[in-house]
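Sequential numbering from 1 applies to the sequence shown in the UniProt record's numbering. Here is the structure we will look at.
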Amino acid sequence: MNKNNHNFQNRIDRAKWIPPKNVIVEGDSCIVQGSEKRPYRTTLFTCSCLDFQNRKDSDYDYPCKHMCRFAMEKHLLSDVPHTQEEIDEANRNREEEIRQRQEELAPFILSQAQIDDVLSHISEPQLTPYEIYTNTNYFSTDGFVNKEEKYDKKVGDLMDEIREQYQLNKIIPLVDKVQEILSNFKKFCYDYGQYGADEYDSLHDRDFENAKEELEDFLRNDYAENNLEKFEEKKEKAEARAIEKAKAKDKKAIMSAIGFKAIPQANIVNSLFPNNKSYGKKLCKELVDEGKLSKDKEGRKIILSLKK
1 MNKNNHNFQN
11 RIDRAKWIPP
21 KNVIVEGDSC
31 IVQGSEKRPY
41 RTTLFTCSCL
51 DFQNRKDSDY
61 DYPCKHMCRF
71 AMEKHLLSDV
81 PHTQEEIDEA
91 NRNREEEIRQ
101 RQEELAPFIL
111 SQAQIDDVLS
121 HISEPQLTPY
131 EIYTNTNYFS
141 TDGFVNKEEK
151 YDKKVGDLMD
161 EIREQYQLNK
171 IIPLVDKVQE
181 ILSNFKKFCY
191 DYGQYGADEY
201 DSLHDRDFEN
211 AKEELEDFLR
221 NDYAENNLEK
231 FEEKKEKAEA
241 RAIEKAKAKD
251 KKAIMSAIGF
261 KAIPQANIVN
271 SLFPNNKSYG
281 KKLCKELVDE
291 GKLSKDKEGR
301 KIILSLKK
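The structure is reproduced here in structure tokens:
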């Protein structure tokens with residue numbers, strides 16, 4: 001593959017933005033986690049993403065960004081500079097990559113007002129310990145330990161789910177669930193009197209602040225990344241639909257060119273696809289496989305006709 005190819009270089013640049021935590025190498029393949037629930041299965045020669053699937057049967061000469069990222073993990077792609085001139089060039093390229101990335105992310109970056117609005121859904125209630133209940137042994141029992149573990153897991157699972165989102169209208173209901181779980185647990189502890197309040201304050205006094213800090217970090221960073229990833233996937237799907245639509249149109253042109261008489265495949269391909277003959281041959285083969293065309297041979301010539 002030609003590394004000077006602009007599309008190839010573009011995929012290499014995009015591959016650098018895939019964080020290491022999203023790449024799991026498994027020998028000769030790897031799993032790359034994107035914004036979709038199902039991760040991409042990637043090797044050096046194939047990938048399950050739409051970008052590669054749309055081009056794998058055509059005359060492509062560059063891999064997708066996930067394949068490039070895997071090649072980097074395998075140390076097969078390297079842009080390590082050596083001379084001062086190369087270092088300066090690498091620095092300029094890096095600055096340009098950052099600028100371009102910031103431009104791509106700009107439409108999806110939340111305003112401070114939007115961030116503040118989401119964070120306002122996390123608010124620690126001010127409670128007074130329940131005065132009557134004074135059971136001091138409960139917080140050393142397995143019952144409380146199990147309840148505490150379930151509480152931590154629920155909050156952690158919800159925060160993980162929030163980090164996968166790219167729409168505020170989906171995020172806010174999840175944040176409200178976090179608020180409810182945090183508040184209910186604090187109230188539960190305080191209902192056990194001053195001892196329960198002391199237990200909560202000694203181990204969980206920062207639970208609300210920690211949730212807000214984690215949420216703010218996501219909103220300022222990963223939220224825009226999630227949106228850009230989703231935008232690129234939607235763009236890839238739109239390109240896939242456009243390719244299928246173009247293929248259907250080209251297949252119809254082949255059928256019309258044949259009409260009611262047998263014609264050599266070479267004549268059709270040279271006439272309709274002079275600049276992409278392999279693509280024309282591929283479409284003819286697909287029409288034969290679909291049962292729409294019949295294929296015969298006259299010497300070395302392939303003759304096509306409409307299926308009767």
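Virtual Cβ for every residue (Gly too), placed ideally from N, Cα, C.
Could you pull the DSSP bridge partners for residue 297 from this structure?
Bridge partners of residue 297: 302.
Under the three-state reduction of DSSP, which class applies to residue 264: helix, strand or coil?
Of the three classes helix, strand and coil, the one that applies to residue 264 here is strand, per DSSP.
Just checking, does the segment 118 to 125 make contact with the segment 198 to 216 on the three C-beta pairs under 8 Å criterion?
In short, these stretches touch, since the Cβ pair count reaches three.
Cβ pair count under 8 Å reaching 3, the segment 175 to 184 against the segment 138 to 148:
No, the segment 175 to 184 does not touch the segment 138 to 148.
By the three-class DSSP mapping on this structure, what secondary structure does residue 111 have?
Note: residue 111 maps to coil in three-state DSSP.
Which residues in the same chain have their Cβ closer than 7 Å to the Cβ of residue 228, if we skip the five residues on either side of it in sequence?
Answer for residue 228: 104, 105, 108, listed in chain order.
Per DSSP, residue 12 forms a beta bridge with which residues?
Paired residue(s): none; residue 12 is not in a bridge.
Which residue wins for smallest C-alpha separation from residue 17, given the options 276, 226, 45?
Nearest option by C-alpha distance: 226.
Taking only the alpha-carbon atoms, compute the straight-line gap between residue 270 and residue 280 and give it to the nearest angstrom.
Rounded to whole angstroms, residue 270 to residue 280 spans 8 Å at the Cα level.
Output needed for residue 119: all residues of its chain with C-beta closer than 7 Å, excluding positions within five of it in sequence on either side, in chain order.
So the qualifying residues of the chain are 212, 215, 216.
State the start and end residues of the unbroken alpha helix (DSSP H) segment that holds residue 241.
First-last of the alpha helix (DSSP H) with residue 241: 223 to 258.
Closest by CA to residue 218, which one among 31, 110, 66, 91?
Checking every option, the nearest Cα to that of residue 218 belongs to 110.
For residue 303, the nearest candidate out of 7, 261, 278, 42 (CA to CA):
Considering only alpha carbons, the answer is 261.
Tell me, which residues are paired with residue 309 by DSSP?
Examination of residue 309 is not possible in this model, given that the chain is present from 1 through 308 alone.
Could you check which residue in 171, 13, 31 has the C-alpha nearest to that of residue 93?
Selected option, being the one with the closest Cα: 13.
If you count every other CB in all the chains shown that lies within 10 Å of the CB of residue 45, and 16 or more means buried, which is it?
Per the 10 Å Cβ criterion, exposed.
Taking all protein chains shown into account, decide if residue 38 is buried (16 or more other Cβ within 10 angstroms of its Cβ) or exposed.
Only exposed fits residue 38, as fewer than 16 other CB atoms lie within 10 angstroms of its CB.
Buried or exposed: which applies to residue 15, given that a residue is buried once 16 or more other Cβ atoms fall within 10 Å of its Cβ?
It is buried - the Cβ of residue 15 has at least 16 other Cβ atoms within 10 Å.
Might you give, ordered along the chain, the residues of its own chain that have their beta carbon closer than 7 Å to the beta carbon of residue 308, omitting 5 neighbours on each side?
Taken in chain order, the list of residues that qualify is empty.
Beta-carbon proximity of residue 239 to residue 22, cut-off 8 Å:
Going by C-beta atoms, residue 239 is not nearer than 8 Å to residue 22.
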